[in-house]
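Colleague: Sending over a structure as structure tokens; questions will come in a sec.
2 protein chains.
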Amino acid sequence: MLKAVQILNWSSGLTIITQRLTKTRNSSSLKLSTFSSPPRRILPLNPTRMSSSQPGSDPLPKSPAFVSVQSSGAVRKIKFCQLCGGTTKHEIPDGEEKLRAICTHCGRIAYQNPKMVVGCLIEHEGKVLLCKRNIQPSHGLWTLPAGYLEVGESAAEGAMRETWEEAGATVEVISPFAQLDIPLIGQTYVIFLARLKNLDFAPGPESIECRLFGLEEIPFDSLAFSSIYVTLNLYLEDLKKGKVKFHYGTINKRPGSSPSDIRAFTLDYHLQP
Amino acid sequence: MLKAVQILNWSSGLTIITQRLTKTRNSSSLKLSTFSSPPRRILPLNPTRMSSSQPGSDPLPKSPAFVSVQSSGAVRKIKFCQLCGGTTKHEIPDGEEKLRAICTHCGRIAYQNPKMVVGCLIEHEGKVLLCKRNIQPSHGLWTLPAGYLEVGESAAEGAMRETWEEAGATVEVISPFAQLDIPLIGQTYVIFLARLKNLDFAPGPESIECRLFGLEEIPFDSLAFSSIYVTLNLYLEDLKKGKVKFHYGTINKRPGSSPSDIRAFTLDYHLQP
Chain A
1 MLKAVQILNW SSGLTIITQR LTKTRNSSSL KLSTFSSPPR RILPLNPTRM SSSQPGSDPL
61 PKSPAFVSVQ SSGAVRKIKF CQLCGGTTKH EIPDGEEKLR AICTHCGRIA YQNPKMVVGC
121 LIEHEGKVLL CKRNIQPSHG LWTLPAGYLE VGESAAEGAM RETWEEAGAT VEVISPFAQL
181 DIPLIGQTYV IFLARLKNLD FAPGPESIEC RLFGLEEIPF DSLAFSSIYV TLNLYLEDLK
241 KGKVKFHYGT INKRPGSSPS DIRAFTLDYH LQP
Chain B
1 MLKAVQILNW SSGLTIITQR LTKTRNSSSL KLSTFSSPPR RILPLNPTRM SSSQPGSDPL
61 PKSPAFVSVQ SSGAVRKIKF CQLCGGTTKH EIPDGEEKLR AICTHCGRIA YQNPKMVVGC
121 LIEHEGKVLL CKRNIQPSHG LWTLPAGYLE VGESAAEGAM RETWEEAGAT VEVISPFAQL
181 DIPLIGQTYV IFLARLKNLD FAPGPESIEC RLFGLEEIPF DSLAFSSIYV TLNLYLEDLK
241 KGKVKFHYGT INKRPGSSPS DIRAFTLDYH LQP
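If you're matching them up, the sequences are chains A and B in order. If you count the first sequence from 1, position 248 lands on 248 in full-length UniProt numbering, and the numbers rise without skipping. If you count the second sequence from 1, position 77 lands on 77 in full-length UniProt numbering, and the numbers rise without skipping.
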């Protein structure tokens, strides 16, 4: 069975393509009840090898065909080797399953891996700190202070650094709150609960404004990204339940939806410790 | 105050350098009591700006000097632009604080970001599944099935894929168990608790052997990486306490220690939800 998945040109520069996706396991997909998107399940598909270990039983899928949704366009954009300057060829290397850019001169493979976006959900006297973006994408919309993790820092350190850069706020990280993967754009959000060390904060160059919002005031109609929408909803739901927990989940954008529709997604694999 | 930090040539190809590190916040460093490494604290250092918001109080650090431990050698290895083939210059771009490789032809900056290593801690009837590595580094030593996350898959999907590739095992992810950052080598381990869907497993090309170990049998003296050592210790400690929880932490290799000494580290920022 094949499933058409549209790769959206969201904020990562991926080109729009349609790719066949095969999967072979049940997803423990959970949908946040307050979200507007319909449930989506990743179904067990196309076993490529059958198990013979259970005589008499139905054949079980043995080899999951793990084919991730990936834009070959992004790989094909890599035309030169960073190290030697040689031109690349685009092939699936021996023993691998994915198209890679391989240097025709030195043989180096240019792997591409997801990036971590680290940020803080800052609580202060029943309010949360949000920043209005002064940069694209989502200029003028509200977000948590967050940005790409750098080599040489931990996720907690990166989250505090981004909070300083975007909100001029000095914070203390309290606990991990969420890991939200967005496979479509090769990003993983890692959000920590944090508290202000003092009340000094002010927008950095990437922010127009920084403000503490009461929980009833959070501008859900003017948030910058699905990941922020999910994070704040999970936080409010936890508060209602009386206990803030850690959340793992995958944000799958609904095929065909607009990049600006931050509610057009499902939260799959929503797992908690 | 300055702190010398040695960058080790561990498993990432980073060159050995000594770099000055300034930090300005208190670390909530917790050390696992069963570990052999001494406690290490990241101390508040060199505030670069003083706050005047609290008249009469001691000056407070206002601007944390977030300088991550990064090898400039890795950046300097990038000599050509992947997209246009232009030569790079190595400079700190306007508005940034880190050395980057910038294309002299098209102006593109080649950012380098940490990679996520995703894997499974597979529980089966009081035993855990380990793989003996058939590749370098750490050939012949034991590890959890784990590997680099690919663009287009979630961390949970990547962990299941790696488990299939390295152990031939079909698993179901149950819950997130740990996120362990290793800033020194630009890696973050994301480990899930998982269970076998059936008892079929067999070593893939990257493994010599795969085996279920009773908790008393875990080969702690023959583990491949500090991250695996930490993960299994946290798991055993949780079991002793009667509740398996999610752990966030930073593994900081002890300066000057050998790459092969997987116990020469501290677990800093050990946080739990």
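All C-beta atoms, glycine included, are put in the ideal place defined by N, C-alpha and C. In this text the structure is predicted, and so the values were computed from the model without any measurement.
Counting pairs of Cβ atoms below 8 Å between the region 190-199 of chain B and the region 166-174 of chain B, do you hit three or more?
Modeller: Contact holds: three or more Cβ-Cβ distances are below 8 Å.
Colleague: Please list the terminal residues of the continuous beta strand (DSSP E) segment that includes T266 (chain A).
Modeller: T266 (chain A) -> beta strand (DSSP E) spans F265 to L271.
Colleague: In the DSSP output, which residue or residues are listed as bridge partners for E209 (chain B)?
Modeller: For E209 (chain B), which the question treats as bridged, DSSP gives the partners B:K132.
Colleague: Could you please give the first and the last residue of the uninterrupted alpha helix (DSSP H) stretch that includes D238 (chain A)?
Modeller: Counting along the chain, the alpha helix (DSSP H) containing D238 (chain A) begins and ends at S226 to K241.
Colleague: What's the gap between the Cα of F246 (chain A) and the Cα of D181 (chain A)?
Modeller: Approximately 14 Å, taken between the alpha carbons.
Colleague: By the criterion of Cβ-Cβ separation under 9 Å, what are the contact partners of F80 (chain B) in chain A?
Modeller: Result: F80, C81, Q82, L83, C84, G85 and G86.
Colleague: What residues from chain B crowd round S154 (chain A), counting only those whose CB sits closer than 7 Å?
Modeller: Those within 7 Å of S154 (chain A) in chain B are D181, P183, T250 and Y269.
Colleague: In three-state terms, what does DSSP make of R76 (chain A)?
Modeller: Three-state DSSP puts R76 (chain A) in a helix.
Colleague: Using 7 Å as the limit for Cβ to Cβ distance, is V117 (chain B) near chain A?
Modeller: Output row for V117 (chain B): interface = no.
Colleague: Could you tell me whether the Cβ of Q136 (chain B) comes closer than 7 Å to any Cβ of chain A?
Modeller: Answer no: the Cβ-Cβ gap between Q136 (chain B) and chain A never drops below 7 Å.
Colleague: Taking the beta carbon of G104 (chain A) as the centre, do at least 16 other beta carbons fall within 10 Å, making it buried, or is it exposed?
Modeller: The sequence given here places Thr at residue 104 (chain A); Gly does not occur at that position. So T104 (chain A) counts as exposed.
Colleague: Using a beta-carbon distance cut-off of less than 9 Å, what residues from the region 87-111 of chain A approach chain B?
Modeller: Going along the region 87-111 of chain A in chain order, one finds T87, T88, G95, K98, A101, A110 and Y111 with a Cβ nearer than 9 Å to chain B.
Colleague: So, at 8 Å on beta carbons, what are the nonlocal neighbours of L239 (chain A) in its own chain, with the 5 sequence-adjacent residues on each side left out?
Modeller: Result list for L239 (chain A): L215, in chain order.
Colleague: Could you check whether E209 (chain A) and K132 (chain A) sit closer than 7 Å to each other, using their CB atoms as the reference points?
Modeller: In this structure, E209 (chain A) lies closer than 7 Å to K132 (chain A) by Cβ.
Colleague: Please check if any C-beta of chain B sits within less than 7 Å of the C-beta of Y148 (chain A).
Modeller: At least one chain B Cβ lies under 7 Å of Y148 (chain A).
Colleague: Just to confirm before moving on: does the CB-CB distance between G119 (chain A) and I191 (chain A) stay below 7 Å?
Modeller: Yes, Cβ-Cβ distance for G119 (chain A) and I191 (chain A) is below 7 Å.
Colleague: What separation, rounded to the nearest whole angstrom, lies between the Cα atoms of F177 (chain A) and Y269 (chain A)?
Modeller: So the alpha carbons of these two residues sit roughly 16 Å apart.
Colleague: Residues in its own chain within less than 7 Å of H124 (chain A) by CB, not counting five upstream and five downstream?
Modeller: Correct list, in chain order: R195, L196 and L212.
Colleague: Apply the 10 Å Cβ neighbour rule to E96 (chain B) and answer buried if 16 or more other Cβ atoms are within range, or exposed otherwise.
Modeller: It counts as exposed.
Colleague: Could you tell me whether the region 87-96 of chain A touches the region 159-166 of chain A, where touching means 3 or more Cβ pairs closer than 8 Å?
Modeller: Flag = no, the region 87-96 of chain A and the region 159-166 of chain A do not touch.
Colleague: Taking the Cβ atom as the reference point for each residue, do I262 (chain B) and F225 (chain B) lie within a distance shorter than 7 Å?
Modeller: Their beta carbons are under 7 Å apart, which means I262 (chain B) touches F225 (chain B) by this criterion.
Colleague: Please report the residue range of the beta strand (DSSP E) in which G158 (chain A) lies.
Modeller: Looking at the DSSP string, G158 (chain A) is not in any beta strand (DSSP E); the run it does join, the alpha helix (DSSP H), is A155 to A167.
Colleague: Please classify G140 (chain A) as buried or exposed, where buried requires at least 16 neighbouring CB atoms within 10 angstroms.
Modeller: Exposed: under 16 other Cβ atoms inside 10 Å.
Colleague: Are the CB atoms of A74 (chain B) and H90 (chain B) nearer to each other than 7 Å?
Modeller: It is not a contact, given that the beta carbons lie outside the stated cut-off.
Colleague: Mind listing which residues of the region 221-253 of chain A have their C-beta closer than 8 Å to chain B's C-betas, in chain order?
Modeller: From the region 221-253 of chain A, only V244, K245, F246, Y248 and T250 have a Cβ closer than 8 Å to chain B.
Colleague: So, helix, strand or coil for S175 (chain B), using DSSP?
Modeller: Note: S175 (chain B) maps to strand in three-state DSSP.
Colleague: Look up residue 306 (chain A) in the DSSP assignment and say whether it is helix, strand or coil.
Modeller: Shown here, chain A extends from 1 to 273; a query on residue 306 (chain A) therefore has no answer.
Colleague: At 7 Å on the CB atoms, spell out the chain A contacts of P255 (chain B), in chain order.
Modeller: Those within 7 Å of P255 (chain B) in chain A number zero; the least Cβ separation is about 14 Å.
Colleague: Would you kindly check if the distance between the Cβ of I78 (chain B) and the Cβ of T88 (chain B) is under 7 Å?
Modeller: Taking 7 Å as the Cβ cut-off, T88 (chain B) and I78 (chain B) qualify as a contacting pair.
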